[in-house]
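S.K.:
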Amino acid sequence: MMLNGYLTIMINYMNYKNILVTGANGQLAQEIKEITGSSNTKHNYFFKSKENLDILNKEKIEEFIYKEEIKLIINCAAYTNVDLAEENPNLANNVNNKAVANLVEISEKYKVFLIHISTDYVFGSELNQTPYKEDNRTGPTSVYGKSKLHGENNIIRSNLNYLILRTSWLYSSFGSNFVKKILELSYKKNKLEVVIDQVGTPTYANDLAKFIFEIIERKQIKNKKEIYHFSNEGVCSWYDLAVQIVELSGNKVKVIPCSSDRYPSKVKRPAYSVLDKTKIKNDFEYEIPYWLDSLKVCLNKINK
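Take 1384 as the starting number for the sequence shown in the working numbering and just add one per residue.
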């Protein structure tokens, strides 16, 4: 009887994980933190920013993972300023590539599962007419995209169990993003010019955070070595998104469509960058919200 009780305790203990979430000041990590804080999860989450755990410092990372017996890492840390990455290629490569290599090496040593957040920028800028599948050919043209692809390859070449989650047009009530910027400008300007010739899908970071949280809780990540795409359902241009932000906020600013030539950039952004989510919906039997529905939820949260 005592042996059975002991085994039950050990099995339950093994089902509880100590989880490290990097990039704690970012949009996605803050959404995960809010979800876990209001849940009854048995897992222990450690949220760490660069200031209190720099993932470029391999010794510190290893010390923390060993001491806290971390069994799962959600790597939300990234250098995401696409334009500035062209001027700071070393910084982008350090965070998006070298730091990931550190996490991979240490995770292999301690048998840690890695969930890594990546981007649609790993694909090229050629004219694409259909949503990108996970196995489509990559070919990034930007420093940011190349650094993120190098990070992915560090994981793929390893012996780790992992999930790489590519996402696009991420926004949240936390941090700085397109949705909050348009909302802010809509209170200050009479008109806004927004590009109409770049099409993709917005991703509400809370939806992605919920997905990550739920597949961990459901124990659906065991033994996986997969790349998945996650964004909200549907397709829109930046102009379409801006129009909805303004209309839903009740502001009267006029939103005018314009060509991307109106805003010259060192980075050639794809005209069509929609992610195919068939694989993730089938493998996890997961329903992903429509982008406009999620936008309404986020704006209501911001307004509160």
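The C-beta atom is built at its ideal place from N, Cα and C for all residues, glycine as well.
This structure is a prediction, so every number in the text was calculated from the model and none was measured.
Do A1461 and F1430 have their CB atoms nearer than 8 Å?
M.R.: Position 78 of the sequence shown, counted from the first residue, corresponds to residue 1461. Position 47 of the sequence shown, counted from the first residue, corresponds to residue 1430. Taking 8 Å as the Cβ cut-off, A1461 and F1430 do not qualify as a contacting pair.
S.K.: Can you tell me which of K1574, K1433, E1600 puts its alpha carbon nearest to the alpha carbon of S1422?
M.R.: Translated into positions along the sequence shown, residue 1422 becomes position 39. Residue E1600 is the option with its Cα nearest to S1422.
S.K.: Would you tell me roughly how many angstroms separate the C-alpha atoms of D1644 and T1419, rounded to the nearest one?
M.R.: As a working note, residue 1644 is residue 261 in the sequence shown. As a working note, residue 1419 is residue 36 in the sequence shown. So the two alpha carbons sit approximately 42 Å from each other.
S.K.: Taking the continuous beta strand (DSSP E) assigned at N1542, which residues delimit it?
M.R.: Residue 1542 sits at position 159 when you count from the first residue of the sequence shown. Here N1542 belongs to no beta strand (DSSP E), and DSSP marks it neither H nor E.
S.K.: Using three-state DSSP, classify N1464 as helix, strand or coil.
M.R.: Within the sequence shown, numbered from 1, the residue matching residue 1464 stands at position 81. Residue state, collapsed to three classes: coil.
S.K.: F1613 by DSSP, collapsed to three states: which one?
M.R.: As a first step, residue 1613 must be located in the sequence shown, where it is residue number 230. Here F1613 sits in coil by DSSP.
S.K.: If contact is defined by three or more beta carbon pairs under 8 Å, each pair taking one atom from either stretch, is the segment 1561–1572 in contact with the segment 1609–1628?
M.R.: The answer is yes - the segment 1561–1572 touches the segment 1609–1628, with three or more Cβ pairs under 8 Å.
S.K.: Which residues mark the beginning and the end of the beta strand (DSSP E) in which N1458 is found?
M.R.: Taking the first residue of the sequence shown as position 1, residue 1458 is located at position 75. N1458 -> beta strand (DSSP E) spans 1453–1458.
S.K.: Are the beta-carbon atoms of V1657 and V1618 separated by less than 8 Å?
M.R.: Your numbering for residue 1657 matches position 274 in the sequence shown. Your numbering for residue 1618 matches position 235 in the sequence shown. Going by C-beta atoms, V1657 is nearer than 8 Å to V1618.
S.K.: Beta-carbon separation of L1497 and Y1449 under 8 Å?
M.R.: Mapped onto the sequence shown, residue 1497 falls at position 114. Mapped onto the sequence shown, residue 1449 falls at position 66. Going by C-beta atoms, L1497 is not nearer than 8 Å to Y1449.
S.K.: Beta-carbon within less than 8 Å of I1580's beta-carbon, same chain only, minus the 5 sequence neighbours each way: which residues are those?
M.R.: Within the sequence shown, residue 1580 is the residue found at index 197, counting from 1. Before going on, a small fix: residue 1580 reads as Asp here, not Ile. Excluding positions up to five away in sequence, the list reads S1620, S1642, S1643, A1654.
S.K.: Can you list, in chain order, the stretches of the alpha helix (DSSP H) that have 4 or more residues and sit fully within the segment 1624–1667?
M.R.: The segment 1624–1667 contains these whole alpha helix (DSSP H) runs: 1661–1667.
S.K.: Short of 6 Å in beta carbon distance, which residues of its chain neighbour N1480, apart from the five on each side in sequence? Order them along the chain.
M.R.: Along the sequence shown, read from residue 1 onward, the residue named residue 1480 stands at position 97. Once the five neighbours on either side are set aside, the close Cβ partners of N1480 are S1530, H1533, G1534.
S.K.: Which one of D1666, A1588, D1466 has the shortest CA to CA distance from K1605?
M.R.: Reading the sequence shown from its first residue, position 222 is the one you call residue 1605. Considering only alpha carbons, the answer is D1666.
S.K.: Pop quiz: I1456 and L1486 are said to be a contact at Cβ under 8 Å. What is the actual Cβ separation, rounded to whole angstroms?
M.R.: Here residue 1456 refers to the residue found at position 73 when the sequence shown is read from its first residue. Here residue 1486 refers to the residue found at position 103 when the sequence shown is read from its first residue. Confirmed, about 6 Å.
S.K.: Could you work out which residue in P1472, A1482, K1602 is closest to E1442 when comparing CA atoms only?
M.R.: One-based indexing of the sequence shown puts residue 1442 at position 59. The candidate whose alpha carbon is nearest that of E1442 is A1482.
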